[in-house]
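For the record, the sequence lines run as chains A and B. One gets our numbering by counting positions in the first sequence from 1 and adding 346 to each. One gets our numbering by counting positions in the second sequence from 1 and adding 346 to each. By construction, the Cβ of each residue, glycine as well, lies at the ideal position given by its N, Cα and C atoms. Below is one structure; the comments refer to it alone.
2 protein chains.
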Amino acid sequence: MPGYLKKYLTQKMVISNEELENILVCFKKLQSKKNQILIHPNKICKHLFFVQKGCLRVVCTRDDGQEWTRQIAIENDFITIFPSFLEQTISRSYLQTVEASDVFYISYSNFKKLNNIVPNWREFYTSILEQTYVNSIKRIEKLIAMDGKHLYEDFKINHPELLKRLPNKISASYLGISQETLSRLKTKK
Amino acid sequence: MPGYLKKYLTQKMVISNEELENILVCFKKLQSKKNQILIHPNKICKHLFFVQKGCLRVVCTRDDGQEWTRQIAIENDFITIFPSFLEQTISRSYLQTVEASDVFYISYSNFKKLNNIVPNWREFYTSILEQTYVNSIKRIEKLIAMDGKHLYEDFKINHPELLKRLPNKISASYLGISQETLSRLKTKK
DNA sequence: AAAAAGCATTGACAAAAATCAAAGGTTCTT
DNA sequence: AAGAACCTTTGATTTTTGTCAATGCTTTTT
C-alpha cells in the first residue's frame with residue numbers, strides 16, 4: 347500500500363526485503379482534507395510524516411498573530427516539526443495540509459526503534475539530515491542577502507512548480523514578504 | 347595539546363581512550379591572525395575546523411560584492427563551509443577569522459575514516475548535525491518573521507556575548523541588515 | 001608617534017516593503 | 001445555485017530600511 351514510500355526507501359538505501367517490511371509496518375496511512383492541522387500548536391510533536399500525495403506545510407506564528415511558512419513538503423518529502431519531534435518538546439508551530447493529502451506517518455518511539463532494527467537506518471537518516479541541513483543553509487543565505495524581488499526571482503527559478511501550486515499567500519509567507527508585495531512583484535516585471 | 351577538543355569529545359560521546367587518541371591524531375593545530383582566510387572562495391572545502399580560542403565566520407558574497415555572515419563560531423564550536431565540505435563541491439563562500447584564533451582542523455578524508463575507526467562516531471556526528479539543523483531552523487523562523495528591530499532584540503537576548511564581541515558590521519551582516527540600521531537600532535531604544 | 005586604514009555614527013534622501021482599505025474574482029459550503 | 005468565506009489585486013499611505021556621504025573615533029601599520 348505505501349507505494350511511494352517503499353519505492354523511495356529502496357532507492358535511497360541498501361536494504362533487504364525483510365528490513366524494508368520492518369520499516370513499512372511502522373508507518374500508518376492517513377488521508378486528510380485541505381487545511382487540516384495534523385500536528386497542533388503548543389503540543390509535543392509525536393510523528394514524522396511522509397507525503398504520498400498532496401502538500402503540507404509547517405506554520406510558525408508571530409506574537410501579533412501573523413503566520414509564516416517555515417517548511418513545505420510535497421510528494422516524496424518527509425516533514426515534521428523537527429525541533430519538537432527531535433527533543434520531544436512543546437512547539438508553537440503546527441503542521442497543516444495545504445491540499446487534500448495522502449500521508450504515511452510514524453511515531454517517535456517507532457522511529458527511534460528503527461536504529462536498532464535496521465542496520466542501515468542511521469546512515470539513511472543521517473544522509474537525509476545532511477541534505478535538509480544543506481537546504482536550510484541555502485535558505486538562510488538567501489534570506490540574509492536578498493530583498494523581496496530577488497527572493498521571488500530565485501523561488502520562481504528553483505521552485506516553479508511550487509509557485510504555480512501554492513496560493514500566493516503561502517508563497518509570500520514562505521519568502522518572508524507580504525502577499526501584497528508578492529502580488530506586485532509578480533506583475534511588475 | 348588539543349585540550350578543549352579532547353574535553354569536548356569526552357563530554358559529548360562514549361569513547362575509550364584509544365578511540366579518543368585515534369580521533370585526536372587526525373586533527374592538526376593552526377594558529378591564525380585576525381582576518382585571515384582559512385578556506386578560500388571558489389574552492390572545494392577540504393577541512394572541518396574546531397575553535398579552541400578565537401572567532402571564525404562563514405562569509406557569503408552577493409553578486410554586487412556585498413558580504414554576509416552565514417555562520418559564526420567561537421570556542422568549542424565546529425565550523426566549515428558545510429555544503430562544500432559535505433559534497434566536496436566548489437563554493438563561493440569562504441571561512442575567515444574574526445579574531446586571532448587557535449583552531450584544530452581535520453581533512454575530509456580523515457573525517458570520513460572516523461566512521462570506520464570509531465564505532466560511536468556516526469552517532470556523535472548525527473547528534474551534532476541534529477543540533478545545528480535545529481539552530482538553522484530557528485534562524486530561518488526569525489529571518490522570515492522578524493524585522494530588523496526584532497532581529498536585533500532577539501540577538502541581544504540570545505547572544506549578548508557575541509554582540510559585545512563582534513564588530514557592529516559583522517553582527518549586522520549576520521542579521522541581514524545594514525550596519526547603519528543596526529547602529530540606529532542600538533541607540534534608538 | 002604619525003599616518004593610514006578601518007569602523008561607528010549621523011544626516012539626508014531614495015527605495016523597498018508593510019499596512020490599510022476596497023473591489024473583483026475564486027472557491028467552498030449549504 | 002446562492003451565499004459566505006477566502007484569495008488576489010490595486011491604490012494610497014506610512015514605516016522601515018538601504019544607500020550615499022561626511023565626520024569623528026579606534027585600531028593597525030610603519
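Classification of residue i by the beta-carbon crowding that lies within 10 angstroms, buried from 16 upward
i	result
P506/B	exposed
Q434/A	exposed
T426/B	buried
Q442/B	buried
T478/A	buried
G349/B	exposed
G411/B	exposed
I436/B	exposed
I486/A	buried
I503/A	exposed
I483/A	buried
Sequence-distant residues of the same chain with beta carbon closer than 7 Å to residue i, five excluded per side
i	result
N514/A	Q525, L528, S529
L355/A	I361, L366, I369
L376/B	V449, Y451
I420/A	V397, C401
S519/B	E413, W414, T415
K392/A	S453, Y454
Alpha-carbon spacing of residue i relative to residue j, whole angstroms
i	j	result
L384/B	E476/B	25 Å
T533/A	G494/A	14 Å
R511/B	D448/A	50 Å
K488/A	H386/B	20 Å
L521/B	V397/B	22 Å
N388/A	Q417/B	29 Å
L509/B	L394/B	25 Å
A491/B	E367/A	42 Å
V444/B	K379/B	9 Å
N462/B	L370/A	29 Å
K458/B	L531/A	45 Å
S430/A	V480/B	9 Å
G400/B	E413/B	21 Å
L402/A	S439/A	13 Å
Sequence-distant residues of the same chain with beta carbon closer than 6 Å to residue i, five excluded per side
i	result
I516/A	T415
M359/B	N466, F470
C372/A	I452, N456
E364/B	none
Residues that residue i contacts on chain A, provided the C-beta gap is smaller than 9 Å
i	result
L509/B	Near L509/B there are no residues of chain A at all, since even the closest Cβ is about 17 Å away, more than 9 Å.
V405/B	Those within 9 Å of V405/B in chain A number zero; the least Cβ separation is about 11 Å.
G494/B	Simply none; closest approach about 12 Å.
Partners in chain A for residue i, counting only beta-carbon separations shorter than 8 Å
i	result
Y479/B	F428, L475, T478, Y479, S482
W414/B	E487, I490, A491
G411/B	Correct list: empty, because the minimum Cβ distance to chain A is about 11 Å.
G522/B	L489, I490, A491
Residues of its chain near residue i, where Cβ-Cβ distance is below 8 Å and the 5 sequence neighbours each way are ignored
i	result
N381/B	Q442, T443, V444
L351/B	L370, F373, F396, Q398, F450
Partners in chain B for residue i, counting only beta-carbon separations shorter than 9 Å
i	result
T527/A	Neighbours of T527/A on chain B: none; closest Cβ ~13 Å, over 9 Å.
T472/A	R468, Y471, T472, L475
Boundaries (first-last residue) of the beta strand (DSSP E) holding residue i
i	result
K393/B	A small correction: the amino acid at residue 393/B is His; Lys does not occupy that position in the sequence shown. Here the beta strand (DSSP E) through H393/B covers 393 to 399.
Per-residue contacts from residue i into chain B (C-beta, under 7 Å)
i	result
L432/A	E476, V480
R408/A	A491
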